[in-house]
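For reference, the structure discussed in these notes is given below.
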Amino acid sequence: MTETQPHPKRRIVILSGMSGAGLSTALKVFEDLGYEAVDNLRLTLIPALIADAEVSDRNLAVAIDTRNANFSVDDLLRVVHALGERPDIDVKLLFLDCSDDTLQQRFTETRRRHPLAVDRPVTDGIRREREMLWALKNEADHVIDTSQITIHDLRHQIGGHYRFDHALGLTLFVTSFSYRHGVPREADLVFDARFLANPHWDAALRPLTGRDGAVADYIRRDPDYAAFMEHLTGLLLPLLPRYQREGKSYLTIAIGCTGGRHRSVFVAEELVNILAAHGFIVGIGHRDLSRSVNKA
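Basically this note's numbering = 1-based index in the sequence shown + 10.
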């Protein structure tokens with residue numbers, strides 16, 4: 011007698027978050043991943059959408075936010091909790107966040123009106139919306155801060171958490187960053203490379219980056235570099251399978267230095283090569299690489 015495999019649960023992802031944080035872009039990513047994507051659906055229509063015969067066998071991604079005149083955090087959470095009790099559904103709540111300064115800049119650049127401040131300054135709408143949504147963010151399964159990430163990085167993060175087939179194992183994303191501009195909020199593990207010799211103080215190396223051979227050679231000559239990388243990989247390689255066994259499908263590792271252009275970039279590139287050589291699926295990003303070269 012052959013053992014029957016349990017039927018996989020249907021995935022329902024509810025997207026919400028701050029206006030201007032990239033909900034429309036995120037929804038497009040879900041569509042590219044094969045989800046049935048629906049934008050700004052009224053809460054009362056969610057049960058009908060789930061039962062719709064045309065999409066009854068599809069995973070769904072539904073964006074619901076304050077553009078909806080009937081939007082209510084309490085009602086949305088009740089819907090999420092009710093779906094979570096169904097044995098045939100795996101429901102996830104994804105919240106997109108963004109810093110107030112970045113949101114204000116985005117609304118100013120696009121000349122869009124904030125949905126909660128049609129006749130008032132954008133800052134009023136941002137403040138009101140943040141106060142309204144704090145409980146939703148607090149209950150979210152995943153929070154992605156889009157303040158300083160590219161669309162490519164957003165795709166990596168959403169794909170890592172929500173792709174259908176996780177049989178390939180844990181997906182890793184390594185990013186370099188500048189401490190001057192803050193630690194990436196999405197980082198699961200953060201490592202500091204500021205103790206390494208700084209190529210910034212060599213005038214010939216300052217305009218270059220950690221991707222350039224001369225910078226790489228400079229950092230490799232630091233007497234503490236080899237031991238650092240040995241200890242870093244010695245720490246990570248036993249931990250990563252444990253994260254996977256605990257059900258984590260996506261992990262972000264951040265490497266920081268002062269300017270985010272030399273040491274962190276080089277160490278991130280080297281770490282990606284090591285992790286890939288050990289069979290991990292790994293992507294890379296350099297958050298602050300394009301910023302000014304005038305500061306260390």
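Glycine included, C-beta positions come from ideal geometry on N, C-alpha and C.
A quick note: this is a predicted structure, and the numbers were derived from the prediction, not measured.
Proximal residues to residue i (C-beta, below 6 Å), its chain only, five neighbours per side dropped
| i | result |
| --- | --- |
| H171 | H152, Y260 |
| P125 | S29, T76, R77 |
| A264 | T185, F187, P194, A197, V200 |
| A177 | Here A177 scores only 48 on pLDDT, less than 50, and its place in the model is too uncertain to base an answer on. |
| W144 | none |
| F183 | H166, T262, G293 |
| D232 | L206, A207 |
| M11 | Interpretation of M11 is limited by its pLDDT of 41, a score under 50 that renders its predicted location unreliable; the figure taken from the coordinates is listed afterwards. The answer is none, since no qualifying residue turns up. |
Residues bridged to residue i [DSSP beta-bridge criterion]
| i | result |
| --- | --- |
| Y260 | T181 |
| E46 | L70 |
| H201 | According to the sequence displayed, residue 201 carries Phe and not His. I265. |
| H296 | S186 |
| H152 | L104 |
As assigned by DSSP and simplified to three states, the class of residue i
| i | result |
| --- | --- |
| G27 | strand |
| G289 | coil |
| K102 | strand |
| V193 | coil |
| I22 | strand |
| I159 | coil |
Anticipated Cβ contact below 8 Å, residue i with residue j, distance rounded
| i | j | result |
| --- | --- | --- |
| L59 | A47 | 11 Å between Cβ atoms; not a contact. |
| G32 | T156 | 5 Å |
| L70 | Y45 | 6 Å |
| V132 | T219 | Rounded, the Cβ-Cβ distance is 35 Å, inconsistent with contact. |
| L103 | I24 | 5 Å |
Close Cβ partners of residue i (< 8 Å) along its chain, the five nearest in sequence each way excluded
| i | result |
| --- | --- |
| R204 | Y189, G266, C267, T268, R273 |
| F174 | R21, L43, G44, N69 |
Proximity test, residue i beta-carbon vs the ligand GTP heavy atom, cut-off 8 Å
| i | result |
| --- | --- |
| D202 | Summarising the ligand content, the structure contains no ligands, and the ligand GTP is consequently not present. |
Answer yes if the stretch 291 to 298 comes into contact with the stretch 160 to 170, meaning at least three C-beta pairs across the two stretches below 8 Å, and no otherwise. Short answer: they touch.
Pair every Cβ in the stretch 135 to 154 with every Cβ in the stretch 226 to 237, then say whether three or more of these pairs are closer than 8 Å. No, they do not touch.
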